[in-house]
Each structure stands twice: as structure tokens, then as C-alpha cells.
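**Student:**
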Amino acid sequence: MSQVESMRGAKILTPRRRGIEVAVALRATGVSSSSVTLSEGERNGCFTETFGRAGVEGPSPTNQRAMGLKLSPFCERPADWPRMDQVESVMGIPGNSNKVLRLRSDPAASGKENLPPRSAQDDGILNGDASWHFAAAKPGTETSPDIDVEEKLKEAFSRGWSVLVWNDPVNLMDYVVYVFKTVLKMDEKDASRHMWEVHQKGKSVVARETREKSELIVHRLRGFGLNATMEQA
Amino acid sequence: MTSEAISPGQWRLSFSEAEADFLVAVLARLGKHYQEDIARMPPVLRAYWQGTISRRQGDAPNGLKESQEVLAEARAELRAERLSLLENWLREYELAEERNPWQVEISGAEREEFVAMLNDRRMLLALESGITEEDMEADLSQIAHEGRRESVWEIDRLGYFILVMLGPQIYRP
Chain B
855 MSQVESMRGA KILTPRRRGI EVAVALRATG VSSSSVTLSE GERNGCFTET
905 FGRAGVEGPS PTNQRAMGLK LSPFCERPAD WPRMDQVESV MGIPGNSNKV
955 LRLRSDPAAS GKENLPPRSA QDDGILNGDA SWHFAAAKPG TETSPDIDVE
1005 EKLKEAFSRG WSVLVWNDPV NLMDYVVYVF KTVLKMDEKD ASRHMWEVHQ
1055 KGKSVVARET REKSELIVHR LRGFGLNATM EQA
Chain W
1103 MTSEAISPGQ WRLSFSEAEA DFLVAVLARL GKHYQEDIAR MPPVLRAYWQ
1153 GTISRRQGDA PNGLKESQEV LAEARAELRA ERLSLLENWL REYELAEERN
1203 PWQVEISGAE REEFVAMLND RRMLLALESG ITEEDMEADL SQIAHEGRRE
1253 SVWEIDRLGY FILVMLGPQI YRP
């Protein structure tokens, strides 16, 4: 794996870390396409990372999919997939080590017969396989130098999302405290304070986290039967 | 019912014959429910299993539609995982030589799932029967509708099991 590479408008990151952050940024911001500059090493290399989820040991496949953080877009491709230089060749792009590629999620626009057919599972990094679809940016349509990758990264990693728990008539108070302690690792005092807030005010903000972590917390709380949602703060 | 820690991360639950009969019936019904097609469930139960990622209108442009789909998928998987655990416990009950009391030893992780599953049943009953805060606080004899009365009885009973397993949790200075 190559060492530190630069990315347009972004911090200097290792390729692995960069892959994750770009993935998270795109995922978190709902951007369907963006441009990044990939080095030779990256295009033929691997980014693989698995994060655990907040307060949970050992991410399950569901968690990985939910977090969208198990990325191995190149290493895990099927053996019969074309290499990046072949893809570029098909697309008529002269090879060089540092070209602008558009990461896209629109299969219709990729439109190259030599690329493998896209399955439903290919859609998005949520499925953990990060089957990115690359198409070269046409001259003049190179969008995105202006897409502010740094801003997207910032958004993806900022704790701008609130997790709310709403009151319901059935869940027991002791049970709710237990769930807060188990899922959110709150101490007894904090867990009880939030439980009372839910009970008396109808809801409580129990966490402010990144979007990815907030999603996981919502999943966990709902797994215990609590009525949890998330909102952008 | 009693619950005791027999070693770090290992618990022994003990049920009288009547409690075990009740629990097995509950688990059997829950297992059936876990196998049901969500699309065929009444809307309230469907909503429970699909989950709601956000109540705020206008969050959809932030890409929460995708998050909503992931939540629904994760909850579908959760049902399958819980069904598998539940079937193990029912099998253990079938094979048990002693059922009065019926004793079962479970790990900390299984205990967590067991409590959550009992709570699933409570939530599902409440949603199906339209149980309100007033129903939950009322004396059983004050609930005129038989179906709701039975639901509240079962919800209370399962709540008791949960509390026995968890012990007091609320901070009391």
C-alpha cells in the first residue's frame, strides 16, 4: 500500500484512511458522485477497515453494512473484473498515474459494456463491498474540483446528529435505565436522569454523535424495543 | 422465577412449572411472530419492525431514506437471529428432564437477548391491543375489554420476569 498521498482539498491521509473517509463522507452527505484523485497505488491497492460500533464488541455483518465502513473496493473485486487500467483503456483514457475519476452510483451513466453488470448489492457502500463505479470525467465536465471534500469529511465526522428516545406507555423504567447503561454505557445516575426526562418530557436526547454512530445507536436502542430516532442537530 | 449469577458472564434462571408453561407459550407465540412476513402484518406491527429513523419531516433530503432502509433490513435480521435463539431455548425445554423447577443456564449475551425478546412480546401485545398509559396504570379489573385486559396481564407478567432478571436499575440517591 502506498504511503501518504494528497487529495484535492483534503487533508493528507493514508490511502486506507482516505478511502474510509471519502466513503463515509459520500455516504453521510448523500452525494452520488464526486471526484477524487487516485494514485497508482490506490487504484491497484486495497482499503480495508472494519470499525466496531459504539459500545458494541465485534461488528456483525449487519453492523458493518450499516456503518458502510468495511471497504475493499479493489481487493475484493471478482477475479474477472477488469483492472483500473483496463477500465481506463476501455473508456479511452490515456493511462497516467494520477487522473481524475468520478465515483458514481448511477449505473446508467457508467454505460460501458466491459464493466461487470451491476447488481442491487452493488449499490452503495452500505453493503460493505463498496463496489464503486468509476467513470472518467469528460473534459469540461470534470465536476468537482469544487466539491468540497474537506467539508464533507468534516460533516461526516462531526457530532452533528442527536439520538432521541421517545416516551411510550409500556417500557418499564428500570428496563429503560438498563438499556441506556447497556447501549450508551451511561452510569446509573445519567441513565436514570435521561429515563426521567423521557418519562416526564416525552423525549430525551441521549447522544450527540456522528451520523454513522447515531444510526448504530438507533439500531441498538430499537433492538431493545425503545422508540429511538435521530435528527440533524 | 429466580435469576442468579453463577459465574462471571453466566446466569441461571429458574422457573416454577406454571411459570415455565407460561414462558414456553409466550416464546412459541413470539417464534411464530418472528417468522411472519412483515408485509402481511397489521400496520402498527409493520411499523414497529421497520422502525423509524427520524420523526423530523424534511430529513429525507439528508439521505435518511437510505438509513431508513438499512434500519428496516437490520431489524429483519434481528428477528431471524432471535428466532434462532428462541428455538434453542424451546428445544432445551423439550429435552429437560426436570421441569419443576425448570432451570436454564445462559450467557450474558443470551440474557441480554432474552430480556429484549420478552420486551418485544410486551411491545407487540401493546401495539396489537392498542394499550395506553391509562391501561397500564389501571387496575386489571377496571379494564372492561377482555382482550385488552388479557394483554395487560401478560405485559405485566413479562415485566415481572424482566425485573427479576435485571434487579433494580434506577439511581436512587
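Each protein sequence line maps, in turn, to chains B and W. With the working numbering, the residue at position 161 of the first sequence is 1015, and numbering never jumps. With the working numbering, the residue at position 64 of the second sequence is 1166, and numbering never jumps. Heads up, the beta-carbon is just placed ideally off N, CA and C, and yes, glycines get one too.
Drop a sphere of 10 angstroms on the beta-carbon of E1069 of chain B, count the other beta-carbons inside from all chains shown, and report buried for 16 or more, exposed for fewer.
**Tutor:** Residue numbering aside, residue 1069 of chain B sits at position 215 when the first sequence is read from its first letter. Answer is buried; the Cβ neighbour count reaches 16.
**Student:** How big is the Cα-Cα spacing for V1030 of chain B and R1259 of chain W?
**Tutor:** Position 176 of the first sequence holds residue 1030 of chain B. Position 157 of the second sequence holds residue 1259 of chain W. Rounded to the nearest angstrom, the two C-alpha atoms are 17 angstroms apart.
**Student:** Nearer than 7 angstroms: is that true of the beta carbon of E1256 of chain W relative to any heavy atom of the ligand FAD?
**Tutor:** Of the ligands one can find in the structure shown there are none, so the ligand FAD has no counterpart to examine.
**Student:** Inspect the CB distances between the stretch 1250-1269 of chain W and the stretch 1215-1230 of chain W and report whether three or more fall short of 8 angstroms.
**Tutor:** They touch, by the three-pair rule.
**Student:** Mind reading off the beta-carbon distance from W1113 of chain W to R1213 of chain W? Whole number of angstroms is fine, and I expect it under 8 angstroms.
**Tutor:** Counted from its first residue, the second sequence places residue 1113 of chain W at position 11. Counted from its first residue, the second sequence places residue 1213 of chain W at position 111. Indeed, because the Cβ distance is near 5 angstroms, the residues count as touching under 8 angstroms.
**Student:** Which of helix, strand or coil does DSSP assign to K1057 of chain B?
**Tutor:** What you label residue 1057 of chain B is simply residue 203 of the first sequence in a count that begins at 1. Of the three classes helix, strand and coil, the one that applies to K1057 of chain B here is strand, per DSSP.
**Student:** Do the stretch 1049-1056 of chain B and the stretch 1024-1039 of chain B meet, that is, are 3 or more Cβ pairs less than 8 angstroms apart?
**Tutor:** Segments in contact, yes.
**Student:** Helix, strand or coil for F1078 of chain B? Go by DSSP, reduced to three states.
**Tutor:** In the first sequence, the residue the question calls residue 1078 of chain B occupies position 224. Three-state DSSP puts F1078 of chain B in coil, outside helix and strand.
**Student:** Taking the runs of the beta strand (DSSP E) that are 3 residues or longer, which of them lie wholly in the stretch 1127-1190 of chain W?
**Tutor:** As far as the stretch 1127-1190 of chain W is concerned, it has no whole beta strand (DSSP E) run of at least 3 residues.
**Student:** Would you kindly work out how many angstroms separate the C-alpha atoms of E1158 of chain W and E1085 of chain B, rounded to a whole number?
**Tutor:** Residue numbering aside, residue 1158 of chain W sits at position 56 when the second sequence is read from its first letter. Residue numbering aside, residue 1085 of chain B sits at position 231 when the first sequence is read from its first letter. First, the residue type needs correcting, since residue 1158 of chain W is Arg and not Glu in the sequence shown. Their Cα atoms are separated by approximately 7 angstroms.
**Student:** Quick one, which residues of the stretch 1037-1051 of chain B are near chain W if we go by CB-CB under 9 angstroms, in chain order?
**Tutor:** Cβ contacts with chain W come from D1041, E1042, K1043, D1044, A1045, S1046, R1047, M1049 and W1050.
**Student:** Rounded C-beta distance between S1058 of chain B and H1048 of chain B? I'm assuming under 8 angstroms.
**Tutor:** Within the first sequence, residue 1058 of chain B is the residue found at index 204, counting from 1. Within the first sequence, residue 1048 of chain B is the residue found at index 194, counting from 1. The pair is a contact, with the Cβ atoms about 5 angstroms apart (cut-off 8 angstroms).
**Student:** Specify, as a first and last residue, the run of the alpha helix (DSSP H) that E1230 of chain W falls within.
**Tutor:** Taking the first residue of the second sequence as 1, we reach residue 1230 of chain W at position 128. Where E1230 of chain W is concerned, the enclosing alpha helix (DSSP H) stretches over G1210 to S1231.
**Student:** Whole angstroms is fine: what's the gap from L1192 of chain W's alpha carbon to P1144 of chain W's?
**Tutor:** On the second sequence, position 90 is the one that residue 1192 of chain W refers to. On the second sequence, position 42 is the one that residue 1144 of chain W refers to. Going by the C-alpha atoms only, they are around 27 angstroms apart.
**Student:** Let me check understanding here. Comparing Cα to Cα, which of B:S1046, B:V1019, B:W1015 and B:W1020 lies closest to R1065 of chain B?
**Tutor:** Here residue 1065 of chain B refers to the residue found at position 211 when the first sequence is read from its first residue. Per the Cα distances, B:W1015.
**Student:** Can you check whether the CB of G1232 of chain W is closer than 8 angstroms to the CB of L1188 of chain W?
**Tutor:** Residue numbering aside, residue 1188 of chain W sits at position 86 when the second sequence is read from its first letter. Residue numbering aside, residue 1232 of chain W sits at position 130 when the second sequence is read from its first letter. Not closer than 8 angstroms, so no.
**Student:** Could you pull the start and end residues of the alpha helix (DSSP H) that L1242 of chain W belongs to?
**Tutor:** To locate residue 1242 of chain W, count along the second sequence from 1; it is residue 140. Neither: L1242 of chain W is in no alpha helix (DSSP H) and is coded neither H nor E.
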